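Colleague: Positions 7 to 272 (the numbering used here) are the ones given, in order, by the sequence shown. Where a beta carbon is used, it is the ideal one built from N, C-alpha and C, also for glycine. This structure is a prediction, so every number in the text was calculated from the model and none was measured.
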Amino acid sequence: MGCAQSKKDEEVVAAPSNDDAAEGEAKDAKDEVAKEEKAPDEKPKPQIFAIMRNGHEVIRGAQRDVQKMVDKGKMKEAKALWAKMHKWADIHMKMEEGSGTDESPMGMFRLLDKNFENIAKEQGLYDDHVELNKLEEAVDAAFEKGDKKEIKEAFDAFAKANTSHLEKEESIMMPKIKEFIAGGHPMKKYMQEELLATVSDDQMEHFIKFANEILEKHSEGEPRVRVFDHALKAASTPEQWAKWDAWIKESLSKKSYKEVQDAIQA
Ligand SMILES: [Fe+2]
Ligand SMILES: [Fe+2]
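(1) What's the gap between the Cα of leucine 138 and the Cα of glutamine 271?
(2) Please check the pair glutamate 256 and lysine 215, which I expect to be a contact at CB under 8 Å, by giving their CB distance rounded to whole angstroms.
(3) Hey, which residues come within less than 6 Å of ligand 1, measuring from Cβ to any heavy atom, in chain order?
(4) Which of the three DSSP states, helix, strand or coil, is assigned to isoleucine 65?
(5) Measuring only from the beta carbon, is histidine 191 closer than 7 Å to any heavy atom that is part of ligand 2?
(6) Any C-beta of chain C sitting closer than 8 Å to the C-beta of isoleucine 214?
(7) In chain order, what residues of the same chain lie with their CB nearer than 8 Å to the CB of glutamine 69, ignoring the 5 residues before and after it?
(8) Suppose the cutoff is 6 Å on Cβ atoms and the five residues either side in sequence are ignored; what does the same chain contact list for arginine 116 look like?
(9) Only counting the same chain, and skipping five residues up and downstream in sequence, which positions put a Cβ closer than 8 Å to that of glycine 113?
(10) Buried or exposed: where does alanine 86 fall if 16 or more other Cβ atoms within 10 Å of its Cβ makes it buried?
(11) Given the structure, does histidine 62 come close to ligand 2, in the sense that its CB is under 7 Å from one of the ligand's heavy atoms?
(12) Residues in the same chain with beta-carbon distance under 6 Å from tyrosine 263, minus the five sequence neighbours each way, listed in chain order, please.
(13) Please state whether the Cβ-Cβ distance between histidine 171 and tryptophan 94 is less than 8 Å.
(14) Need the endpoints of the alpha helix (DSSP H) that lysine 224 sits in, please.
(15) Kindly indicate which three-state DSSP category alanine 272 falls into: helix, strand or coil?
(16) For tryptophan 253, I'd like the list of residues in its chain whose CB is within less than 7 Å of its CB, leaving aside the five on either flank, ordered along the chain.
(17) Specify, as a first and last residue, the run of the alpha helix (DSSP H) that leucine 172 falls within.
(18) What residue from Ile187, Tyr132, Phe186 and Trp250 has the CA that sits closest to glutamate 175's CA?
(19) Any contact of the region 51-70 with the region 230-244, i.e. 3+ C-beta pairs under 8 Å?
(20) Return the chain-ordered list of same chain residues with a C-beta closer than 7 Å to the C-beta of aspartate 71, the five sequence neighbours on each side being excluded.
(21) For serine 262, name the three-state secondary structure that DSSP assigns.
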């Protein structure tokens, strides 16, 4: 616990404006990363790695929508949504792969590999990405060509591989993220310097807007959008937040935006 405390202090020094994030994560180490648990009268705690975990719900939600369009033969709509989804998934993938070296930003996989005996490499997560990239390119090519049968075949193949990849990553990453938190690792620093630092300023607007649109649509009874945005707030500098908050506001209904604001300001 002493270790956890000293690490937490390091985080506070690194980013004093969001120091409740580390505390929330340490307390909630046993809980699911994508959910905010709270006792009555207690404010919800941000879970910084919900940016990755609920990021999977962005990909799943968009994939479900594209699948429906493809199955109904609405290829023009499907192509437009696929383009946005592909762009978003590439950003998420880069946050996982990082620089591919120990140089910052090293990405999620490298953090896991360094701390847990090459677990991401050994379990084939990088190899999955190589395969997914090929399947995504095949979907791009099929949409370009415009043949309905080819689009459906290419998308079905991608969706199958992608669905198992997301599940596999969650089964590997979620327990290790809990171990990071329980061990007092600087989660906010990791998210800022090793993951979000892979996202360029140009990409960030799409990353935030698309995530908010999809998570609001695919909430499935969970506060997915609020948890994602609360994590973004906890990981942001005040300057970043001023921009990000405006993009969130543009993307959400008034009701959802208020829920986000209430959680953040609680
Ligand atoms: Fe991945
Ligand atoms: Fe992922």
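Modeller: Taking the coordinates as given:
(1) On the sequence shown, residue 138 is found 132 positions in, with the first residue counted as 1. On the sequence shown, residue 271 is found 265 positions in, with the first residue counted as 1. Straight-line Cα distance between these residues: approximately 39 Å.
(2) In the sequence shown, counting from the first residue as 1, residue 256 sits at position 250. In the sequence shown, counting from the first residue as 1, residue 215 sits at position 209. Confirmed, about 7 Å.
(3) Met99, Glu102, His135, His171 and Glu175
(4) As a working mapping, residue 65 is identified with position 59 in the sequence shown. Residue state, collapsed to three classes: helix.
(5) The sequence position of residue 191 within the sequence shown is 185, counting from 1. No, the beta carbon of histidine 191 sits no closer than 7 Å to any heavy atom of ligand 2.
(6) Reference to chain C is not applicable here, since this structure consists of a single protein chain.
(7) On the sequence shown, position 63 is the one that residue 69 refers to. Excluding residues within five positions, the ones whose Cβ falls inside 8 Å are Met91, Ala165, Asn168 and Thr169.
(8) As a position in the sequence shown, residue 116 is number 110, starting the count at 1. Result list for arginine 116: Gly104, in chain order.
(9) What you label residue 113 is simply residue 107 of the sequence shown in a count that begins at 1. Here the set comprises Lys100, Met101, Glu102, Glu103, Gly104, Ser105, Gly106, Glu200, Leu201 and Thr204.
(10) As a first step, residue 86 is located in the sequence shown; it is residue number 80 there, counting from the start. Alanine 86 is exposed by the Cβ-count criterion.
(11) Working through the sequence shown from its first residue, we reach residue 62 at position 56. The answer is yes for histidine 62.
(12) On the sequence shown, position 257 is the one that residue 263 refers to. Closer than 6 Å at Cβ, skipping near neighbours: Lys255.
(13) For the purposes of this step, residue 171 is taken as residue 165 along the sequence shown, with counting starting at 1. For the purposes of this step, residue 94 is taken as residue 88 along the sequence shown, with counting starting at 1. Contact flag unset, no.
(14) Counting from 1 along the sequence shown, the entry for residue 224 is found at position 218. Reading off the sequence shown, one finds histidine at residue 224, where the question assumed lysine. Here histidine 224 belongs to no alpha helix (DSSP H), and DSSP marks it neither H nor E.
(15) By one-based count along the sequence shown, residue 272 stands at place 266. Here alanine 272 sits in coil by DSSP.
(16) Stepping through the sequence shown from its first residue, residue 253 is reached at position 247. Excluding residues within five positions, the ones whose Cβ falls inside 7 Å are Glu211, Ile214 and Lys215.
(17) Locating residue 172 in the sequence shown gives position 166, counting from the first residue. Where leucine 172 is concerned, the enclosing alpha helix (DSSP H) stretches over 154-188.
(18) Residue numbering aside, residue 175 sits at position 169 when the sequence shown is read from its first letter. Of the candidates Ile187, Tyr132, Phe186 and Trp250, the one whose C-alpha sits nearest the C-alpha of glutamate 175 is Tyr132.
(19) yes
(20) Taking the first residue of the sequence shown as 1, we reach residue 71 at position 65. Once the five neighbours on either side are set aside, the close Cβ partners of aspartate 71 are Leu87.
(21) What you label residue 262 is simply residue 256 of the sequence shown in a count that begins at 1. Reduced to three states, the DSSP call for serine 262 is helix.
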